[in-house]
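Protein chains in written order, with numbering that gives the first Met the number 0: chain H, 0 to 334; chain U, 0 to 339.
Heads up: the structure comes next, in structure tokens.
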Amino acid sequence: MQKRRLNPVVLFAAAPLFIAVTILASVMYGAKSIDVSTITAAIFHFDTDSIDHQIIVSSRLPRVIGALLIGAFLAVSGALMQGMTRNYLASPSIMGVSDGSVVVITLCMVFMPNTSSLGLIFYSLAGSALGAGLVFFIAWLLPGGMSPVRLAILGTIIGTFLGCVSQAVATYYQVSQTISFWYNARLHQMDPGMIKLIIPFAVVGLALAIILSKSITILSMGDDVATSLGQRTGWVKALSILSVVILTGISVALAGKIAFVGLLVPHITRFLFGVDYRWIIPCSALLGGFFLAWCDILSRFINSPFETPIGVVTALFGVPFFLYLIKTKGGGKHA
Amino acid sequence: MPEPQRGRLWAVIFISSIIIAAAVYISLTNGAFDISVMDVVKTLLRLDPVHEHDLVIFDFRLPRIVIALLLGLGLGIAGAVIQGIARNPLADPGMLGINAGAGTAMVLFMLLFHGSITGTGWLSIMAMPLFGLVGGLTAVILILWFAQERGQLDSQRLILVGIAIGSGFSAITLYLSLKMNPSDFEMATVWLTGSIYNANWRYISAMIPWLVLLIPLLWAKSRVLDVMQLQEASSMGLGVDVHQERKILLLGSVGLVSACVAVSGSIGFVGLIAPHIARRLVGLHHKRVIPISGLVGMAMVVVGDLIGKTVFAPAELPVGIVISIIGVPYFIFLLLKNRM
């Protein structure tokens with residue numbers, strides 16, 4: 000067992016301060032800089048005539064809250080997947096979860112163009128379940144399919160396949176542009192109404208993750224150990240997948256595909272706070288939120304005055320990190 | 000190793016040639032403008048030149064078919080070689096990030112010389128594969144550098160690094176393509192999805208030198224590839240300098256892939272699936288696998304392009320998408336059947 004390097008309590012104590020700083024920074028900087036007094040005024044004495052106030056309340060605030068939440072969801076699903084499959088490369092973005100959602104959303108936009116936002120969230124969830132289910136089912140049928148490399152390859156292949164199916168459907172029915180709006184990361188047009196809609200799902204997903212965290216720690220020692228300790232591994236896995244599907248599904252529904260958060264953050268968390276998933280899961284949520292929110296802030300500066308897609312910024316950090324992981328851990332079994 | 004009879008090899012060559020010929024025939028005669036067989040033959044043999052027929056066949060259909068054939072050939076062979084090097088039947092040039100690297104370089108090229116790419120300059124067209132090659136090589140050098148440990152090249156790690164490098168390059172491509180002006184951007188996106196709409200003879204002549212140069216080189220190395228399938232120590236014992244040869248083979252296949260990507264954008268899965276089919280048909284010897292997977296690749300791309308053109312007409316699907324949609328289920332079926 001690795002020694003815990005840092006006390007997670009420190010993180011939780013500092014979290015409110017960090018969150019406040021992140022929100023403040025994210026609201027202040029952008030195409031139009033806004034000073035602190037305007038922000039406090041917008042929050043406490045909202046003035047419908049002031050453009051600054053409108054920007055803050057209807058654009059900047061939802062955006063930073065969305066980024067914090069989505070970062071948290073993605074990081075938690077990444078942590079769950081990595082623990083459950085004992086695979087250090089597992090992450091929702093390379094397991095067909097987001098591509099599955101895109102397929103279903105495409106079909107939905109073609110055949111039922113009048114679906115409500117809530118309906119779209121449901122379909123997005125169903126699609127994520129479909130994608131993840133397909134990848135895991137095929138991996139389970141293959142000998143050694145759960146090994147990091149195999150699973151990564153299968154996930155990539157099936158993800159490409161699902162992506163191509165949706166592209167073909169979109170081309171045929173000429174809805175490509177609508178679709179590409181839907182799934183290309185769109186943090187900048189976060190809809191406050193959507194955030195409210197997803198809260199119940201988020202609560203269920205996160206609660207499941209936290210309840211499961213102890214079992215995941217045991218599961219991460221291996222199926223045999225877990226079974227001999229009296230754990231019903233089948234149930235734990237099924238519930239974990241459910242939680243991953245909910246969390247990733249709503250992230251895709253909110254902001255489209257954002258890669259690497261689910262891969263990167265759990266590793267950093269493990270590095271900082273040790274291997275106990277009871278701590279890893281909540282800490283991943285916090286760190287994931289910060290990571291994505293700061294990437295989002297950075298995305299406004301890299302190519303200013305234009306915004307850079309958030310996926311480019313996360314890849315900027317994610318790819319070198321991924322390479323580092325492979326360099327240090329190789330093709331081996333478990334992190 | 001089971002040695003399939005010579006007759007079988009010829010049968011395979013014969014049947015795949017017939018499939019290719021049939022697809023070529025249908026692509027030549029059918030389309031928005033139907034041309035009868037006689038007219039096609041007449042036009043090709045320059046017997047009775049009709050201007051419209053000349054235009055449709057020589058400027059639109061024929062270049063597209065030829066490009067499809069060349070692409071299939073190049074990608075199929077490169078795939079067979081790369082799977083041989085990686086000793087992994089799941090390896091694929093696309094998965095190794097080579098396509099993405101070449102793609103980034105091409106987008107950079109379009110960004111730097113914007114406007115002139117649609118143009119007529121021979122120089123810019125001949126420079127395209129070169130730029131693609133530089134990008135593909137950069138990807139490969141990065142991959143090799145990261146995948147190597149103490150001089151050893153682990154094939155598992157090769158693939159993982161490839162996936163990582165590939166997504167890195169895709170991010171750079173996205174970033175660069177956003178800096179383009181709208182018309183170039185349109186062109187870049189069409190090109191990136193793997194389409195061959197805008198085929199013309201210049202692209203073909205830019206591609207051919209690479210194919211003519213590299214395919215014989217790779218084929219000549221097929222014995223080395225056979226030996227590489229053994230454990231590394233055994234191959235060393237048989238007098239093969241594995242590291243040296245691996246680098247040469249990798250360079251050669253990267254050259255092929257880059258030339259193809261430069262012309263068509265990234266067409267995935269040909270390099271993954273064609274070698275599988277080839278191995279099932281003619282056994283494991285690379286001397287046979289390499290040409291046969293070239294043939295199978297040709298058939299795949301020509302048929303895929305035909306389907307993309309006709310099934311959704313008048314809308315066209317990029318051939319890359321058609322191939323993935325048909326190829327992936329078949330590939331997974333293969334995986335399950337062989338329990339690989």
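Even glycine gets a Cβ: it sits at the ideal position worked out from N, Cα and C.
*asked:* Does the contact criterion of 3 or more C-beta pairs under 8 Å hold for the segment 114–123 of chain H versus the segment 188–203 of chain H?
replied: yes
*Could you check if residue 59 of chain H is buried or exposed, using at least 16 other CB atoms within 10 Å of its CB as the buried criterion?*
Here the question's residue 59 of chain H lines up with position 60 in the first sequence. Per the 10 Å Cβ criterion, buried.
*Distance between residue 279 of chain U and residue 63 of chain U (C-alpha atoms, nearest Å)*: To locate residue 63 of chain U, count along the second sequence from 1; it is residue 64. To locate residue 279 of chain U, count along the second sequence from 1; it is residue 280. If you take the alpha carbons of residue 63 of chain U and residue 279 of chain U, they lie about 29 Å apart.
*How would you list, in chain order, the residues of chain H whose beta-carbon sits under 8 Å from the beta-carbon of residue 267 of chain U?*
Counted from its first residue, the second sequence places residue 267 of chain U at position 268. Ordered by position in chain H, the residues that pass the 8 Å Cβ test against residue 267 of chain U are 159.
*Pairwise C-alpha distance: residue 146 of chain H and residue 334 of chain H*: Numbered from its first residue, the first sequence carries residue 334 of chain H at position 335. Numbered from its first residue, the first sequence carries residue 146 of chain H at position 147. Unreliable placement is indicated for residue 334 of chain H, whose pLDDT of 36 sits below 50; no coordinate value is reported for it.
*So which residues on chain A does residue 91 of chain H lean against when the C-beta distance must stay under 9 Å?*
No chain A appears in the structure shown, which is made up of the protein chains H and U.
*Could you have a look at residue 243 of chain U and say whether DSSP puts it in helix, strand or coil?*
Your numbering for residue 243 of chain U matches position 244 in the second sequence. Three-state result, residue 243 of chain U: helix.
_CA-to-CA distance, residue 37 of chain U to residue 258 of chain H, given in whole angstroms_ = Within the first sequence, the letter at position 259 stands for residue 258 of chain H. Within the second sequence, the letter at position 38 stands for residue 37 of chain U. When rounded, the distance between both Cα atoms is 55 Å.
_residue 31 of chain H - DSSP class collapsed to helix/strand/coil_ = Reading the first sequence from its first residue, position 32 is the one you call residue 31 of chain H. In this structure, residue 31 of chain H counts as coil in the three-state DSSP scheme.
_So the candidates are H/239, H/216, H/238; which of them puts its Cα closest to the Cα of residue 336 of chain H?_
Missing from the structure shown is residue 336 of chain H; chain H here goes from 0 to 334 and no further.
_Inter-residue spacing [alpha-carbon to alpha-carbon] between residue 226 of chain U and residue 234 of chain U_ = Translated into positions along the second sequence, residue 226 of chain U becomes position 227. Translated into positions along the second sequence, residue 234 of chain U becomes position 235. For residue 226 of chain U and residue 234 of chain U, the distance between alpha carbons rounds to 6 Å.
*asked:* Rounded to the nearest angstrom, what separates residue 317 of chain U and residue 206 of chain H at their Cα positions?
replied: Position 318 of the second sequence holds residue 317 of chain U. Position 207 of the first sequence holds residue 206 of chain H. Near 44 Å, if we compare the C-alpha coordinates of residue 206 of chain H and residue 317 of chain U.
_Limits of the alpha helix (DSSP H) - the one that residue 299 of chain U falls within_ = Counting from 1 along the second sequence, the entry for residue 299 of chain U is found at position 300. Where residue 299 of chain U is concerned, the enclosing alpha helix (DSSP H) stretches over 285–309.
*Looking at the structure shown, is residue 82 of chain U part of a helix, part of a strand, or coil, going by DSSP?*
Along the second sequence, one-based indexing puts residue 82 of chain U at 83. Helix, per DSSP.
_Could you give the first and the last residue of the continuous alpha helix (DSSP H) run that contains residue 51 of chain U?_
Along the second sequence, one-based indexing puts residue 51 of chain U at 52. Run containing residue 51 of chain U: 50–53, per the alpha helix (DSSP H) assignment.
*Are there 16 or more other CB atoms within 10 angstroms of the CB of residue 278 of chain H, so buried, or fewer, so exposed?*
Numbered from 1 along the first sequence, position 279 holds the residue referred to as residue 278 of chain H. Its Cβ being crowded by 16 or more others within 10 Å, residue 278 of chain H is buried.
*Express the C-alpha separation of residue 21 of chain H and residue 14 of chain H in angstroms, rounding to a whole number.*
Residue numbering aside, residue 14 of chain H sits at position 15 when the first sequence is read from its first letter. Residue numbering aside, residue 21 of chain H sits at position 22 when the first sequence is read from its first letter. If you take the alpha carbons of residue 14 of chain H and residue 21 of chain H, they lie about 10 Å apart.
*List the residues of chain U that residue 163 of chain H touches, going by C-beta distances under 7 Å, in chain order.*
The residue given as residue 163 of chain H occupies position 164 in the first sequence. Per Cβ cutoff of 7 Å: 320, 323, 324.
_Coarse secondary structure for residue 47 of chain H, derived from DSSP in three states_ = Start at 1 with the first residue of the first sequence, and residue 47 of chain H comes out as number 48. Residue 47 of chain H falls in the coil class under three-state DSSP.
*Return the Cβ separation of residue 273 of chain U and residue 75 of chain U in integer angstroms, given the expectation that the two are a contact with Cβ distance under 8 Å.*
The residue labelled residue 273 of chain U in the question sits at position 274 within the second sequence. The residue labelled residue 75 of chain U in the question sits at position 76 within the second sequence. Yes, they are in contact, since the Cβ atoms of residue 273 of chain U and residue 75 of chain U sit about 4 Å apart, within 8 Å.
*Cβ-based contacts, 7 Å cut-off: residues of the segment 93–107 of chain U near chain H*: 94
*Inter-residue spacing [alpha-carbon to alpha-carbon] between residue 244 of chain U and residue 224 of chain U*: Numbered from 1 along the second sequence, position 245 holds the residue referred to as residue 244 of chain U. Numbered from 1 along the second sequence, position 225 holds the residue referred to as residue 224 of chain U. Taking the straight line joining both Cα atoms gives about 9 Å.
*residue 310 of chain U to residue 267 of chain U, Cα distance in whole Å?*
Indexing the second sequence from 1 puts residue 310 of chain U at position 311. Indexing the second sequence from 1 puts residue 267 of chain U at position 268. Roughly 20 Å between the two C-alpha positions.
_Just verifying my parser: in three-state terms, what is the DSSP assignment at residue 242 of chain H?_
Mapped onto the first sequence, residue 242 of chain H falls at position 243. Helix.
*Do you know offhand how far residue 36 of chain H's Cα is from residue 46 of chain H's?*
Walking along the first sequence from the start, residue 36 of chain H turns up at place 37. Walking along the first sequence from the start, residue 46 of chain H turns up at place 47. When rounded, the distance between both Cα atoms is 14 Å.
_C-beta contact flag for residue 15 of chain U and residue 294 of chain U at 8 Å_ = Taking the second sequence and counting its residues from 1, the one referred to as residue 15 of chain U is at position 16. Taking the second sequence and counting its residues from 1, the one referred to as residue 294 of chain U is at position 295. For residue 15 of chain U and residue 294 of chain U, yes; Cβs fall inside 8 Å.
*asked:* If you reduce the DSSP assignment to three classes, tell me which class residue 91 of chain U lands in.
replied: Counting from 1 along the second sequence, the entry for residue 91 of chain U is found at position 92. Here residue 91 of chain U sits in coil by DSSP.
_For the segment 282–291 of chain U against the segment 87–99 of chain U, do three or more pairs of beta-carbon atoms, one drawn from each stretch, fall closer than 8 Å, so that the two count as touching?_
no
*Helix, strand or coil for residue 208 of chain U, going by three-state DSSP, please let me know.*
Taking the second sequence and counting its residues from 1, the one referred to as residue 208 of chain U is at position 209. Three-state result, residue 208 of chain U: helix.
*Looking at the unbroken alpha helix (DSSP H) that takes in residue 101 of chain H, where does it start and where does it end?*
As a first step, residue 101 of chain H must be located in the first sequence, where it is residue number 102. Per DSSP, residue 101 of chain H belongs to the alpha helix (DSSP H) from 96–110.
*Got a sec: is the Cβ-Cβ distance from residue 332 of chain U to anything in chain H below 8 Å?*
Residue 332 of chain U sits at position 333 when you count from the first residue of the second sequence. Chain H contact via Cβ: absent.
*Return yes when the Cβ of residue 300 of chain H is within less than 8 Å of the Cβ of residue 260 of chain H, no when it is not.*
Counting from one through the first sequence, the residue named residue 260 of chain H turns up at place 261. Counting from one through the first sequence, the residue named residue 300 of chain H turns up at place 301. Contact flag unset, no.
*Under 8 Å by Cβ, that's how I've got residue 287 of chain H and residue 74 of chain H pegged, so tell me the actual separation to the nearest angstrom.*
On the first sequence, position 288 is the one that residue 287 of chain H refers to. On the first sequence, position 75 is the one that residue 74 of chain H refers to. Confirmed, Cβ separation roughly 2 Å.
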